[in-house]
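Notes for the one structure printed next.
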Amino acid sequence: MTTSITLTEAAASRIRTILAKEPGKSALRIAVNGGGCSGFQYDFQLADAAADDDLVIEQSGVKALVDPVSQEFLNGAEIDFVDDLMGQSFRIRNPNATSSCGCGTSFSI
Numbered sequence: 625m626t627t628s629i630t631l632t633e634a635a636a637s638r639i640r641t642i643l644a645k646e647p648g649k650s651a652l653r654i655a656v657n658g659g660g661c662s663g664f665q666y667d668f669q670l671a672d673a674a675a676d677d678d679l680v681i682e683q684s685g686v687k688a689l690v691d692p693v694s695q696e697f698l699n700g701a702e703i704d705f706v707d708d709l710m711g712q713s714f715r716i717r718n719p720n721a722t723s724s725c726g727c728g729t730s731f732s733i
């Protein structure tokens, strides 16, 4: 199965800013874990390096990593970064999610 996950320019810019302040970290790891108010939740961590089975998403010189299990939940998703009245955060537009919580960090399928 081919997995398609994209990273917007805004997300790439924010990742670049974060990584510049974290020596030794080379990418943002995006994962899906069980939990949250809707059944699944997104998890964002800084990573030292990619694992052999990670999907590596590159945009404008920065990398995001997604493990094989999370790839299934995120196929077709777009990772964005927004700065609005609700605050700053990474937002995932996930076509697989049938519903999500108000804050956008958890979802159900």
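Basically my numbering = 1-based index in the sequence shown + 624.
Positions of the beta carbon are idealized from the N, C-alpha and C atoms, including for glycine.
Which residues mark the beginning and the end of the alpha helix (DSSP H) in which A635 is found?
Unbroken alpha helix (DSSP H) run through A635: 633 to 644.
Would K645 pass as a contact of A671 if the rule is Cβ separation under 8 Å?
Not in contact: K645 and A671 (Cβ atoms no closer than 8 Å).
Start-end ranges of the beta strand (DSSP E) lying completely within the stretch 649 to 709, minimum 3 residues:
You should have 651 to 658, 664 to 671, 679 to 683, 686 to 690, 702 to 708.
Can the beta-carbon of I629 be found closer than 8 Å to that of V706?
No, Cβ-Cβ distance for I629 and V706 is not below 8 Å.
Which residue or residues does DSSP assign as beta-bridge partners of I629?
None; I629 has no bridge partner.
Neighbour-count burial assignment, S684, 16 or more Cβ in a 10 Å radius
S684 comes out exposed.
Residue of K687, F664, Y666 minimising C-alpha distance to A675
Ranking the options by Cα distance to A675, first place goes to K687.
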